[in-house]
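Engineer:
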Amino acid sequence: MMVYDVVVVGGGPSGLSSAICSLRSRLKTLLIEKKCCGGHLLMINRLENYPGFNEGVSGFDFTVKLEKQVKNFGGEVVYDEVLDMKWSFIKKIITENATYEAKTVVIASGTHLKEMNIPGELKFRGGGVSYCAACDAPFYEDKDILVVGGGNSALQEAIYLSKFAKNINIVNRRSKLIATGILQERLASCRNISVLYDTILKEISGEKSVESVTVTNLKTNQNYQLKVSGVFIFIGLLPNSSFFSDIILDKSGYVITDENMNTSVSGVFACGDIRKKQLRQVITAVSDGAQASSSIQHYLENI
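My numbering numbers the first residue of the sequence shown as 53 and each following residue consecutively.
Written as structure tokens, this is what we have:
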């Protein structure tokens, strides 16, 4: 069986960056991605806070460039789901369809969107409940919709949806939004968006698709219904850390690393959104990936 120098688990910006840097160092590198490369990048209509793109760039286009760069340097990309990993001097990465061996592993598995677990959410998923505006916005042309959340993702998605929908209500459980100032300014200029503060979504209702929602005002404890055709949920992220063990995590399930991306297991590194960190942006993910690759080179030189 071939033993890779590096196996990168996850094809988001951090994993792609780590693979690119490792390949440029002439390390035999395999990248394993469950579905398709990009991760949450694919949900970004316009990436504006990455240096060098004056007019912004779509997350899809940016992903295509990164993945092409990996392949241009001779990297292997496998689409498969990692089920387990075994730690020893030679690491084993066990997927649905194969087992791979490597001297080092980079965990770049990222996060997934948090669900609300309220009545109607599961029933209408794909039938009015969505977690991706870029994917589903055209289905809501001239319709009333609800967006849940008050952070950057919620406002970015609501602003994008405003180009399609007739009216949008944002349900925000706090008394103020927590998104960055520039997004709040853009939101204020969208005439078809309103914010319901101190309010939570309690239930999603309908027959074959979403027809209405029940929301609760937390200050008055009053319930009331809104007629909507779609619900978009952006309430946070959860780490994809359930498929590996024996690595120290924080209480939320994020991998604890040092500044060089070393985990608690020798020869295993973590980068991007899966790490315990304060800022989760594309630029920090790419930086993490580069640092992980540098640390791998030092590790391999000393084993």
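Ideal placement from N, C-alpha and C gives every residue a C-beta, glycine not left out.
1. For a quick check, are the C-beta atoms of S140 and G341 less than 7 Å apart?
2. Alpha carbon to alpha carbon, what distance is there between K218 and L301?
3. Per DSSP, what kind of secondary structure is D136 in: helix, strand or coil?
4. Using DSSP with H/G/I as helix, E/B as strand and the rest coil, what is R238?
5. Would you say the segment 231-250 touches the segment 201-221, given that touching needs at least three Cβ pairs under 8 Å?
6. Using alpha carbons as the reference points, say which of N169, T81, V334 lies closest to E153.
7. Is it buried or exposed, N224, if we count other Cβ atoms within 10 angstroms and call 16 or more buried?
8. Should H92 be listed as close to the ligand MN, given that the test is whether its C-beta is under 6 Å from any heavy atom?
9. Excluding the 5 residues preceding and the 5 following S281 in the sequence, name in chain order all residues of the same chain whose CB lies nearer than 8 Å to its CB.
10. Taking 7 Å as the CB-CB limit, is V134 close to chain D?
11. Mapping DSSP to helix, strand and coil, what is L165?
12. Specify whether the segment 62-79 and the segment 115-125 touch according to this definition: at least 3 beta carbon pairs, one from each stretch, less than 8 Å apart.
13. Given a cut-off of 7 Å on the beta-carbon distance, is the pair S66 and C323 in contact?
14. Which residue marks the beginning of the beta strand (DSSP E) containing V262, and which one marks its end?
15. By DSSP's criteria, L289 is part of a beta bridge. Which residues make up the other side?
16. In the DSSP output, which residue or residues are listed as bridge partners for V158?
17. Closest to V130 by C-alpha separation, out of T151, K117, M137, K143, would be which residue?
18. Is V265 near I256, with beta carbons less than 7 Å apart?
19. How is L352 classed by DSSP in three states: helix, strand or coil?
20. Which residue marks the beginning of the alpha helix (DSSP H) containing T115, and which one marks its end?
21. To the nearest angstrom, how far is it from the Cα of N169 to the Cα of I355?
22. Do M313 and S347 have their CB atoms nearer than 7 Å?
Structural biologist: Let me lay it out:
1. As a first step, residue 140 must be located in the sequence shown, where it is residue number 88. As a first step, residue 341 must be located in the sequence shown, where it is residue number 289. No, they are not a contact pair.
2. For the purposes of this step, residue 301 is taken as the residue at position 249 of the sequence shown. For the purposes of this step, residue 218 is taken as the residue at position 166 of the sequence shown. C-alpha separation (whole angstroms): 44 Å.
3. Against the sequence shown, residue 136 aligns to sequence position 84. In this structure, DSSP gives D136 an extended state, which the three-state scheme calls strand.
4. Position 186 of the sequence shown, counted from the start, is the residue given in the question as residue 238. Correct three-state label for R238: helix.
5. These segments touch.
6. Here residue 153 is taken as the residue at index 101 of the sequence shown, counted from 1. Checking every option, the nearest Cα to that of E153 belongs to T81.
7. The sequence position of residue 224 within the sequence shown is 172, counting from 1. Its Cβ being crowded by 16 or more others within 10 Å, N224 is buried.
8. No copy of the ligand MN occurs in the structure displayed, which carries no ligand at all.
9. Indexing the sequence shown from 1 puts residue 281 at position 229. Around S281: G180, Y192, K195, D196, I197, S261, V262, E263.
10. The structure shown has no chain D; it contains just one protein chain.
11. Counting from 1 along the sequence shown, the entry for residue 165 is found at position 113. Strand.
12. The segment 62-79 makes contact with the segment 115-125, as at least three CB pairs between them are under 8 Å.
13. Numbered from its first residue, the sequence shown carries residue 66 at position 14. Numbered from its first residue, the sequence shown carries residue 323 at position 271. For S66 and C323, yes; Cβs fall inside 7 Å.
14. Here the question's residue 262 lines up with position 210 in the sequence shown. Element bounds for V262: 262-269.
15. Here residue 289 refers to the residue found at position 237 of the sequence shown. Answer is L165.
16. Taking the first residue of the sequence shown as 1, we reach residue 158 at position 106. Bridge partners of V158: V60, F321.
17. As a position in the sequence shown, residue 130 is number 78, starting the count at 1. Comparing C-alpha distances from V130 to each of T151, K117, M137, K143 shows the shortest one belongs to T151.
18. Position 213 of the sequence shown holds residue 265. Position 204 of the sequence shown holds residue 256. Between V265 and I256, the CB-CB gap stays under 7 Å.
19. Taking the first residue of the sequence shown as position 1, residue 352 is located at position 300. L352 falls in the helix class under three-state DSSP.
20. In the sequence shown, the residue the question calls residue 115 occupies position 63. Start and end: 111-124.
21. Translated into the one-based positions of the sequence shown, residue 169 becomes position 117. Translated into the one-based positions of the sequence shown, residue 355 becomes position 303. Between N169 and I355, the C-alpha separation is close to 47 Å.
22. Taking the sequence shown and counting its residues from 1, one reaches residue 313 at position 261. Taking the sequence shown and counting its residues from 1, one reaches residue 347 at position 295. Remark: C-beta atoms of M313 and S347 approach each other more closely than 7 Å.
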